[in-house]
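S.K.: Before anything else, here's the structure in question.
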């Protein structure tokens, strides 16, 4: 079964508008962490934001915020005031803290294209 | 500057040949990882190493081998047993994973391997 599901293969967003990227996850662990990474066309992975399962507040990092709904097992990324440089693939990933090592499980990604 | 280097950026090999992908980090990280990415998909873990001279299989280790003789280096060999080796390979590193969930993985620029 998929542990991380990103249901939107691709999205268009108008420059300066906000966009929400969906991520749902499946785990029986109580302790886990959720990560979002950005992958530009050049290929490198850039860390954006982190949410711990016990964090009471939604994470925010500049224009990135995470809409964390634990009961629904969703961790949606919100990018506010989109810029042309935000055009990229975005991946949601999870680390289950009970598992050995710092292993990340990634979703299939969402491609975002920002229109001028 | 601290970071992760992967070489070469593009690699072409004939079917049936073994090939070794380089990954070097100067971040003084204990843990290192190898991921495979197929077009339009997320990353899948091949191998990871939490400490020198120790490594564990990830989700898709068949047809791959690694070594970790030095803290800075974690080369990946794609053997002739790997049935479909053409893919984008990403190396990552992190501090040792303890009980803290937020253990960010830092990624290299990747190597695109094409088997002819």
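Protein chains in written order, with my numbering: chain X, 2 to 117; chain F, -4 to 111.
Every residue, glycine too, gets a C-beta built ideally from N, C-alpha and C.
Any idea what DSSP makes of residue 87/X, helix, strand or coil?
M.R.: Residue mapping note: residue 87/X aligns to position 86 of the first chain, counting from 1. When secondary structure is reduced to three states using DSSP, residue 87/X falls in the helix class.
S.K.: Between 91/F, 106/F, 105/F, which lies nearest to residue 99/F when the distance is taken from Cα to Cα?
M.R.: As a working note, residue 99/F is residue 104 in the second chain. Checking every option, the nearest Cα to that of residue 99/F belongs to 91/F.
S.K.: Here's the rule: buried if 16 or more other CB atoms are within 10 angstroms of the residue's CB, otherwise exposed. What is residue 18/X?
M.R.: In the first chain, residue 18/X corresponds to position 17, counting from 1. Label assigned to residue 18/X: exposed.
S.K.: Between 38/F, -2/F, 14/F, which lies nearest to residue 5/F when the distance is taken from Cα to Cα?
M.R.: Residue 5/F sits at position 10 when you count from the first residue of the second chain. For residue 5/F, the nearest C-alpha among the options comes from 14/F.
S.K.: How big is the Cα-Cα spacing for residue 104/F and residue 57/X?
M.R.: To locate residue 104/F, count along the second chain from 1; it is residue 109. To locate residue 57/X, count along the first chain from 1; it is residue 56. Taking C-alpha positions only, residue 104/F is separated from residue 57/X by approximately 34 Å.
S.K.: Among the residues of its own chain, which have a CB less than 7 Å from the CB of residue 30/X, if the five just before and after it don't count?
M.R.: Counted from its first residue, the first chain places residue 30/X at position 29. Cβ within range, chain order: 97, 98, 99.
S.K.: Can you have a look at residue 87/X and say buried or exposed, based on whether 16 or more other CB atoms are within 10 angstroms of its CB?
M.R.: To locate residue 87/X, count along the first chain from 1; it is residue 86. So residue 87/X ends up on the buried side.
S.K.: Check each candidate in 64/X, 116/X, 78/X and name the one with the smallest Cα separation from residue 24/X.
M.R.: Taking the first chain and counting its residues from 1, the one referred to as residue 24/X is at position 23. In terms of Cα proximity to residue 24/X, the closest of 64/X, 116/X, 78/X is 78/X.
S.K.: Can you tell me whether residue 2/F is buried or exposed? The criterion is at least 16 other CB atoms within 10 Å of its CB, across all chains shown.
M.R.: For the purposes of this step, residue 2/F is taken as the residue at position 7 of the second chain. Residue 2/F should be labelled exposed.
S.K.: For residue 39/X, report the span of its beta strand (DSSP E) as first-last.
M.R.: In the first chain, the residue the question calls residue 39/X occupies position 38. Residues 33 to 40.
S.K.: Using the three-state DSSP reduction, which class does residue 69/F fall into: helix, strand or coil?
M.R.: Indexing the second chain from 1 puts residue 69/F at position 74. It is coil, neither helix nor strand.
S.K.: When you compare the stretch 40 to 54 of chain X with the stretch 16 to 28 of chain F, are there three or more beta-carbon pairs, one atom per stretch, that lie closer than 8 Å?
M.R.: no
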